[in-house]
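> A single structure is presented below for examination.
Number of protein chains: 2
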Amino acid sequence: MTAHELTAVVTATYEIWMRTNALIMEALAGHRLTPATFQALWAIDPDEPPPSMKVMAERLYCNAPNLTFITNQLTERGLVERAVDPSDRRSRVLVMTPKGREVRAELLRTTLEKTPLGVLSESELRQLMTLLSRVIQPTTPISS
Amino acid sequence: MTAHELTAVVTATYEIWMRTNALIMEALAGHRLTPATFQALWAIDPDEPPPSMKVMAERLYCNAPNLTFITNQLTERGLVERAVDPSDRRSRVLVMTPKGREVRAELLRTTLEKTPLGVLSESELRQLMTLLSRVIQPTTPISS
DNA sequence: AGCTTTTGCTTCGAGGCTCGAAACAATGGA
DNA sequence: TCCATTGTTTCGAGCCTCGAAGCAAAAGCT
């Protein structure tokens, strides 16, 4: 039982996550976004085929009504648009607008600038990623 | 420019955090707790002197009104109690009840069992913690 | 084809979370 | 003593998340 080491790592993960969030809050507010809506924007890779609501809900670990709400926030801000999936007319896919593309790129840049993870060197980041990949392995993480 | 590696690490951090949360949700619900209230419980070490509201707000990256709300949730569930700090009668410290101690220990155990970080070996965890410590260290006095 | 079940999304209502502004008492300094 | 500051709470607003119910399209069955 290595409870102590594991506890420290879990705590550190929480800490880094919260700290990153705190540091980008101001930039998000500049676009009337919040952590929840930004995560949704992040989870859409504009260079991949647009994801359906269902896929997005899985990526964001939330349920369908919640995703409807988040999607409304993004469409009201002109960052994404709903489109009917021609292959299944029940399904709606989220298409990023040009403005959404811009805002996403800008905020992603800001996040990488501000995150405390940025203090690590390239080789340290690779080391870290090797370990984290093993943790995440089983299922598929969010894109980009 | 190591943007790609950094992006992957930030994404992985988010992913691990969300996945851990999802996996303990059921256990939390068993005590009528949520991620927010559980983090507050986690942030009180029952073997240390009880922290003040102000200290707790810093630990949880939230503001004073928010912490008042969270504290009310915990007191209503009989997990912590407010006490006046004798050295400064404006300040309230959060004292964990015996029940709070039990619930905290149980949920901490559950978290360590369920977190995907648990797949790592002891030596991998130490490696990981070495890297994360560098990230969290407030020792970045003069940057850029 | 017709009928039923399942699936993807939305609507609705309730409750939890988070914040800024304002209020209050205790503290500390001039 | 008087005034500014500090730690907390109250209030009101808006955001987030969920379960239940509803609707339309798709899939399955006979």
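Order-wise, the sequence lines are chains A and B.
So the first sequence is numbered by UniProt numbering: it starts at 1 and just counts up by one.
So the second sequence is numbered by UniProt numbering: it starts at 1 and just counts up by one.
Glycine residues also receive a C-beta, built at the ideal position from the N, C-alpha and C atoms.
(1) Assuming the contact rule is C-beta atoms closer than 8 angstroms, B:L60 and B:A83 should be a hit. Round their C-beta distance to whole Å, please.
(2) Taking the continuous alpha helix (DSSP H) assigned at B:A8, which residues delimit it?
(3) I'd like to check one pair, A:K54 with A:L79: are the Cβ atoms closer than 8 angstroms?
(4) Beta-carbon within less than 7 angstroms of A:P65's beta-carbon, same chain only, minus the 5 sequence neighbours each way: which residues are those?
(5) So the candidates are B:R101, B:S133, B:T13; which of them puts its Cα closest to the Cα of B:H31?
(6) Can you list the residues of chain A that B:L57 reaches, using a CB-CB cut of under 9 angstroms?
(7) Which of the three DSSP states, helix, strand or coil, is assigned to B:R92?
(8) What's the gap between the Cα of A:T11 and the Cα of A:L74?
(9) By a C-beta neighbour count over all protein chains shown, 10 Å radius and 16 as the cutoff for buried, is B:T115 buried or exposed?
(10) Do you know offhand how far A:E124's Cα is from A:I16's?
(11) Which residue from A:R109, A:M25, A:T110, A:M56 puts its Cα closest to that of A:V93?
(12) Is A:E81 helix, strand or coil by DSSP?
(13) Whole angstroms is fine: what's the gap from B:L28's alpha carbon to A:T20's?
(14) Taking only beta-carbon positions, decide if B:L74 is within less than 8 angstroms of chain A.
(15) Does the beta-carbon of A:A22 have 16 or more other beta-carbons within 10 angstroms, so that it is buried, or is it exposed?
(16) Judging by CA-CA distance, which residue of A:V95, A:L131, A:L117, A:Q39 is the nearest neighbour of B:S133?
(17) For B:I16, return the contacting residues in chain A, with the cut-off set at a CB-CB distance below 8 angstroms.
Walking through what the data contain:
(1) The pair is not a contact, with the Cβ atoms about 19 angstroms apart (cut-off 8 angstroms).
(2) 3-29
(3) no
(4) none
(5) B:R101
(6) Checking the displayed sequence, the identity of residue 57 of chain B turns out to be Ala instead of Leu. Going along chain A, no residue has its Cβ under 9 angstroms from B:A57, so there is no contact; the nearest lies around 12 angstroms.
(7) strand
(8) 31 angstroms
(9) buried
(10) 16 angstroms
(11) A:M56
(12) strand
(13) 25 angstroms
(14) no
(15) exposed
(16) A:L117
(17) T13, L132, V135, I136
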